[in-house]
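Numbering (the working numbering), first residue to last: 63 to 311.
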């Protein structure tokens, strides 16, 4: 990747190590070797982004974690911070505002607030999308412009990365305003669209198109993509793409 023909590439490394084992970048047995690799990547002209998974400000409050951040930044790499919104852990706008301020103070870039994925022990950790939006907006209001680089609440779902922007009235209907931050088709990027308001919705699968829309704008093309993929794999054809089938009960 460091050869001249790959000069156009950027490199990102996602890791939680800075939070739960910062010594990985301080005094671990291969800390110097790891940091030297980062040095080499940057010296070769590559942009190196460390996607730091920090879920709570205490993970950035120890001497070791601060030293780890400094060591990484000293290589010329940048640290972009992202985390899921986790009930019982960081479901409070004050916690997020404190974390964002710490990140900025240390020279990191707040990047994403994610909605908990619909997997694993999700019921204990998940939050309604409405509450997720409240936490995001509360933190966003409480930090300076330097901290307002964080996007969210964002769901990495079947169609792409979908951001919950607002809850509003449109055509007399209460709806979620959503934005496609990154779609399976690049032409979908930054498109605003709407979903029916549902106070119990915790994930993309729970959302339905707004009553005044026949469907989400990308549905026909997304179905074509899946049909093509299934045909290529010679497997069964799914009936519904990206959302749960309605219950027959």
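All C-beta atoms in this analysis are idealised placements derived from N, C-alpha and C, irrespective of residue type, glycine included.
Reduced DSSP secondary structure (H/G/I, E/B, other) of residue i
i: residue 237; result: strand
i: residue 177; result: strand
i: residue 134; result: helix
i: residue 255; result: strand
i: residue 217; result: strand
i: residue 209; result: helix
i: residue 229; result: strand
i: residue 145; result: strand
i: residue 243; result: strand
i: residue 88; result: coil
i: residue 277; result: coil
Bounding residues of the beta strand (DSSP E) (the contiguous stretch that carries residue i)
i: residue 109; result: 109-115
i: residue 74; result: 72-77
Start-to-end residues for the alpha helix (DSSP H) that takes in residue i
i: residue 96; result: 93-105
i: residue 197; result: 191-204
i: residue 281; result: 281-295
i: residue 166; result: 155-168
C-beta contact flag for residue i and residue j at 8 angstroms
i: residue 226; j: residue 256; result: no
i: residue 229; j: residue 189; result: no
i: residue 209; j: residue 177; result: no
i: residue 88; j: residue 133; result: yes
i: residue 187; j: residue 149; result: yes
i: residue 216; j: residue 191; result: no
Counted within 10 angstroms of its Cβ, other Cβ atoms place residue i as buried (16 or more) or exposed
i: residue 206; result: exposed
i: residue 152; result: buried
i: residue 292; result: exposed
i: residue 162; result: buried
i: residue 50; result: Past the boundaries of the shown model lies residue 50; the chain is included only from 63 to 311, so the question cannot be answered.
i: residue 261; result: exposed
i: residue 123; result: exposed
Next on the checklist: Count Cβ pairs between the segment 63-78 and the segment 98-106 that sit closer than 8 angstroms; are there 3 or more?
Outcome noted: yes
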